[in-house]
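Residue numbers (the numbering used here): 1 to 220.
Ideal Cβ positions, reconstructed from N, Cα and C, are used throughout, including at glycine.
Bear in mind the structure is a predicted one, so any value in this text is a computation, not a measurement.
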Ligand SMILES: *Cc1c(COP(=O)(O)O)cnc(C)c1O
């Protein structure tokens, strides 16, 4: 199957209300252009430099989503154009995004990344830490960083029950916070290996790379 075929079959099979983010990290411009020509407009990247380089060379109506851990000193490079940052994993990063967005006279939409996997990863807020009160505080302190939802990654395991339960926990927190934050509309969860479970658990945005573009070769 070609990239164009993959895009088309994904789009036609997704339920209403679920948005596909084509994760194009490490892939060459030609691959992104092929996806674009097949109608894809939202692309996810995890490295600032790579995103900036691609953004300069591809059509202007692409929405660029940052999905990877960011160093604060790099926010300024994507602040002029990024559509959504999924991977806001600390208050200090949020503060920097707010500052750079303000300089650009814009508001940048953000998702707070929540640590739901059993695996020990370094990044993300914990499920308990994100309360209505904390969110209210962030909104007041960082008006140019608009928090529109949550992002999470489940454990990398074949145990579907565990993955579903982790997605379920995130959905539960999302619903709780949405009660007092009507602007909450984005729950980013699910990748190539687990997007079906994520959708079943209530995901609104899936981040799919290898199932669209083929496996990545990190050694080049
Ligand atoms: C790479 C990546 C994806 C896509 O992974 P695939 O398994 O290739 O679909 C999704 N989310 C994040 C945060 C990633 O870094």
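Do you know whose CA, among the options, lies nearest residue i's CA?
i	options	result
residue 268	49, 106, 43, 3	Because the chain here runs from 1 to 220, residue 268 falls outside it and cannot be looked at.
residue 202	29, 167, 132	167
residue 101	92, 79, 83	79
residue 67	74, 61, 30, 85	85
residue 70	170, 61, 51, 105	51
residue 89	61, 82, 129, 54	129
residue 106	87, 91, 82, 124	82
residue 41	65, 56, 121, 126	65
residue 163	11, 31, 196, 142	196
residue 133	216, 2, 37, 181	181
residue 224	186, 31, 39, 1	In the structure displayed, the chain extends from 1 to 220; residue 224 sits before or after that span and is not available.
What are the partner residues of residue i, as DSSP defines its beta bridges?
i	result
residue 207	21
Quick check on residue i: does DSSP put it in helix, strand or coil?
i	result
residue 125	strand
residue 14	coil
residue 142	coil
residue 130	coil
residue 136	helix
residue 194	coil
Could you tell me whether the stretch 136-147 touches the stretch 103-121, using the rule of 3 or more Cβ pairs below 8 Å? yes
My parser needs the beta strand (DSSP E) runs of 3 or more residues fully inside the stretch 22-51; what are they? 42-45
Contact between the stretch 12-27 and the stretch 202-210 (3+ Cβ pairs under 8 Å): yes
Inside the stretch 146-192 only - alpha helix (DSSP H) runs reaching at least 4 residues: 160-178
Could you pull out every unbroken beta strand (DSSP E) segment of at least 3 residues lying fully inside the stretch 50-117, listed in chain order? 63-66, 84-88, 108-114
Does the structure place the stretch 114-125 close enough to the stretch 147-158 that three or more beta carbon pairs sit under 8 Å? yes
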